[in-house]
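Enquirer:
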Amino acid sequence: MPRKPRTVDFFRVWSPEMAYVLGYWWADGCMYIKPSTTAHEVKFASKDRSHLELIAQTIGESQHTRPVTKDSDCYDMTYCSKEMYYDLLALGGTPHKSHTTTMPAIPADQLPHFVRGCVDGDGTLVWNGDRPVIQIYSASSALLSGLGQTIEAATGIPTPTIVANRTLYYIKWSTIRAKCLAAWLYAENPGLALDRKAAIAAKFLDWQPKKRPERGTITEGMRARFGAYLPPQE
Numbered sequence: 005m006p007r008k009p010r011t012v013d014f015f016r017v018w019s020p021e022m023a024y025v026l027g028y029w030w031a032d033g034c035m036y037i038k039p040s041t042t043a044h045e046v047k048f049a050s051k052d053r054s055h056l057e058l059i060a061q062t063i064g065e066s067q068h069t070r071p072v073t074k075d076s077d078c079y080d081m082t083y084c085s086k087e088m089y090y091d092l093l094a095l096g097g098t099p100h101k102s103h104t105t106t107m108p109a110i111p112a113d114q115l116p117h118f119v120r121g122c123v124d125g126d127g128t129l130v131w132n133g134d135r136p137v138i139q140i141y142s143a144s145s146a147l148l149s150g151l152g153q154t155i156e157a158a159t160g161i162p163t164p165t166i167v168a169n170r171t172l173y174y175i176k177w178s179t180i181r182a183k184c185l186a187a188w189l190y191a192e193n194p195g196l197a198l199d200r201k202a203a204i205a206a207k208f209l210d211w212q213p214k215k216r217p218e219r220g221t222i223t224e225g226m227r228a229r230f231g232a233y234l235p236p237q238e
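The numbering of the sequence shown is this note's numbering, which starts it at 5 and goes up by one.
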């Protein structure tokens with residue numbers, strides 16, 4: 005018996021939760037129509053099973069999560085919903101989006117939640133020695149370009165250079181710029197987040213450079229926006 009379609013209208017009204025889940029899906033989800041049944045499906049995937057369950061709870065429906073393969077440490081959950089499929093399509097989502105997706109139009113007050121979803125979905129917060137680093141990965145350089153430019157417009161943090169890494173691209177913020185981005189994403193605009201990444205972000209906020217940042221590292225926009233997180237001017 006085919007799976008009964010659901011009506012899911014979660015992506016029709018902007019909220020911090022909707023923007024976060026959209027960003028998470030934008031980074032690490034997919035949508036497709038099954039040829040055998042014409043079912044419209046929207047899929048989320050993650051190594052963090054409990055986080056997928058939190059996303060399902062946020063969307064408002066209990067949802068089964070399962071390993072991608074028998075021995076996999078990655079899980080997925082799938083919504084069979086024509087409504088959700090076409091709502092994502094209206095927001096700019098597409099099937100087979102990995103290499104072609106671009107930055108969608110996000111309301112300014114929801115932008116940090118969307119970007120945090122992208123970071124939690126396909127990004128990293130790590131220490132390079134004693135320096136904080138935030139990276140976002142994608143198979144679409146156009147998405148990363150749009151993300152970087154949109155973040156710069158909102159925060160004053162300069163757009164990083166896109167770097168090719170085998171089959172993926174990434175953008176990277178480090179040192180004081182990573183600290184300011186972490187403050188914007190996790191401290192100043194709290195909401196849904198992966199606990200382990202939020203914990204690293206909190207440690208980034210305690211970090212201070214050992215020497216004066218090079219000229220140009222801190223822009224005037226960053227100084228105006230993140231003065232409380234920056235070393236004093238000399």
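Virtual Cβ for every residue (Gly too), placed ideally from N, Cα, C.
For proline 217, does the count of other Cβ atoms within 10 angstroms reach 16, so buried, or fall short, so exposed?
Expert: What you label residue 217 is simply residue 213 of the sequence shown in a count that begins at 1. Classification for proline 217: exposed.
Enquirer: When you compare the region 142-149 with the region 168-177, are there three or more beta-carbon pairs, one atom per stretch, that lie closer than 8 Å?
Expert: The answer is yes - the region 168-177 touches the region 142-149, with three or more Cβ pairs under 8 Å.
Enquirer: List the endpoints of the continuous beta strand (DSSP E) containing cysteine 78.
Expert: Here the question's residue 78 lines up with position 74 in the sequence shown. Premise fails: cysteine 78 is in no beta strand (DSSP E) and is neither H nor E.
Enquirer: Would you kindly report the start and end of the unbroken beta strand (DSSP E) that includes serine 50?
Expert: Start at 1 with the first residue of the sequence shown, and residue 50 comes out as number 46. Taken as a continuous stretch (DSSP letters only), the beta strand (DSSP E) holding serine 50 covers 44-50.
Enquirer: Going by Cα to Cα distance, which pick from Ile180, Ala168 and Val167 is closest to leucine 209?
Expert: As a first step, residue 209 must be located in the sequence shown, where it is residue number 205. Residue Ile180 is the option with its Cα nearest to leucine 209.
Enquirer: Tell me which same chain residues have a C-beta within less than 6 Å of the C-beta of alanine 228, skipping the five on either side of it?
Expert: Numbered from 1 along the sequence shown, position 224 holds the residue referred to as residue 228. Contacts found: none.
Enquirer: On the three-state DSSP scale, how would you describe serine 142?
Expert: By 1-based counting over the sequence shown, the position of residue 142 is 138. Serine 142 falls in the strand class under three-state DSSP.
Enquirer: Hey, how far is the Cα of alanine 60 from the Cα of tryptophan 30?
Expert: In the sequence shown, residue 60 corresponds to position 56, counting from 1. In the sequence shown, residue 30 corresponds to position 26, counting from 1. Each residue's alpha carbon lies about 16 Å from the other.
Enquirer: I'd like the span of the alpha helix (DSSP H) that includes threonine 1, first residue to last.
Expert: Because the chain is modelled from 5 through 238, residue 1 falls outside the range shown and cannot be assessed.
Enquirer: Express the C-alpha separation of aspartate 134 and proline 108 in angstroms, rounding to a whole number.
Expert: Within the sequence shown, residue 108 is the residue found at index 104, counting from 1. Within the sequence shown, residue 134 is the residue found at index 130, counting from 1. Taking the straight line from one Cα to the other gives about 34 Å.
Enquirer: Mind checking whether tyrosine 141 and aspartate 126 have CB atoms under 8 Å apart?
Expert: Position 137 of the sequence shown, counting from 1, holds the residue named residue 141. Position 122 of the sequence shown, counting from 1, holds the residue named residue 126. For tyrosine 141 and aspartate 126, yes; Cβs fall inside 8 Å.
Enquirer: Could you pull the start and end residues of the alpha helix (DSSP H) that methionine 226 belongs to?
Expert: To locate residue 226, count along the sequence shown from 1; it is residue 222. Element bounds for methionine 226: 224-230.
Enquirer: Enumerate in chain order the residues of its own chain whose CB-to-CB distance from aspartate 32 is below 8 Å, with the five nearest sequence positions on each side excluded.
Expert: Locating residue 32 in the sequence shown gives position 28, where the first residue counts as 1. Closer than 8 Å at Cβ, skipping near neighbours: Phe48, Ala49, Ser50, Gly125 and Asp126.
Enquirer: Whether or not the region 178-192 and the region 155-168 are in contact is what I'm after, with contact meaning three or more pairs of Cβ atoms, one per stretch, closer than 8 Å; do they touch?
Expert: The region 155-168, when compared against the region 178-192, does touch it at the 8 Å Cβ threshold.
Enquirer: Going by Cα to Cα distance, which pick from His55, Leu58, Asp13 and Asp113 is closest to leucine 189?
Expert: Reading the sequence shown from its first residue, position 185 is the one you call residue 189. Ranking His55, Leu58, Asp13 and Asp113 by Cα distance to leucine 189 puts Asp113 first.
Enquirer: Applying the criterion that 16 or more other CB atoms from any shown protein chain within 10 Å of the CB defines a buried residue, is glutamate 45 buried or exposed?
Expert: Within the sequence shown, the letter at position 41 stands for residue 45. The residue in question, glutamate 45, is buried, as its Cβ has 16 or more Cβ neighbours within 10 Å.
Enquirer: In terms of DSSP beta bridges, what is valine 25 paired with?
Expert: Residue numbering aside, residue 25 sits at position 21 when the sequence shown is read from its first letter. According to DSSP, which records beta bridges pairwise, valine 25 is partnered with nothing at all.
Enquirer: So if DSSP puts arginine 136 in a beta bridge, which residue, or which two residues, is it bridged to?
Expert: Reading the sequence shown from its first residue, position 132 is the one you call residue 136. Reading off the sequence, residue 136 comes out as proline, not arginine. According to DSSP, which records beta bridges pairwise, proline 136 is partnered with Trp131.
Enquirer: Cβ atoms of methionine 35 and tyrosine 89: under 8 Å apart, would you say?
Expert: If you number the sequence shown from 1, residue 89 lands on position 85. If you number the sequence shown from 1, residue 35 lands on position 31. Yes. Within cutoff.
Enquirer: So the candidates are Met22, Tyr83, Ala197 and Ser54; which of them puts its Cα closest to the Cα of isoleucine 37?
Expert: Working through the sequence shown from its first residue, we reach residue 37 at position 33. Checking every option, the nearest Cα to that of isoleucine 37 belongs to Tyr83.
Enquirer: What number of angstroms, rounded off, separates the C-alpha of methionine 5 from the C-alpha of isoleucine 204?
Expert: For this step, residue 5 is matched to residue 1 along the sequence shown. For this step, residue 204 is matched to residue 200 along the sequence shown. Low confidence applies to methionine 5: its pLDDT is 45, below 50, so where it sits in the model is not reliable enough to give any reading.
Enquirer: Using a 10 Å radius around the Cβ and a threshold of 16 neighbouring Cβ atoms, would you call histidine 117 buried or exposed?
Expert: One-based indexing of the sequence shown puts residue 117 at position 113. Looking at its Cβ environment, which holds 16 or more other Cβ atoms inside 10 Å, histidine 117 is buried.
Enquirer: Can you give me the C-alpha to C-alpha distance between proline 213 and alanine 157, rounded to a whole angstrom?
Expert: Here the question's residue 213 lines up with position 209 in the sequence shown. Here the question's residue 157 lines up with position 153 in the sequence shown. Taking the straight line joining both Cα atoms gives about 25 Å.
Enquirer: Over what stretch of residues does the alpha helix (DSSP H) that includes glycine 121 continue unbroken?
Expert: As a working note, residue 121 is residue 117 in the sequence shown. 115-126 is the span of the alpha helix (DSSP H), which, as asked, contains glycine 121.
Enquirer: How close, in whole Å, do the beta carbons of alanine 202 and glycine 121 come, if the pair is a contact with beta carbons under 8 Å?
Expert: Position 198 of the sequence shown, counted from the first residue, corresponds to residue 202. Position 117 of the sequence shown, counted from the first residue, corresponds to residue 121. Alanine 202 to glycine 121, Cβ: 13 Å. No contact.
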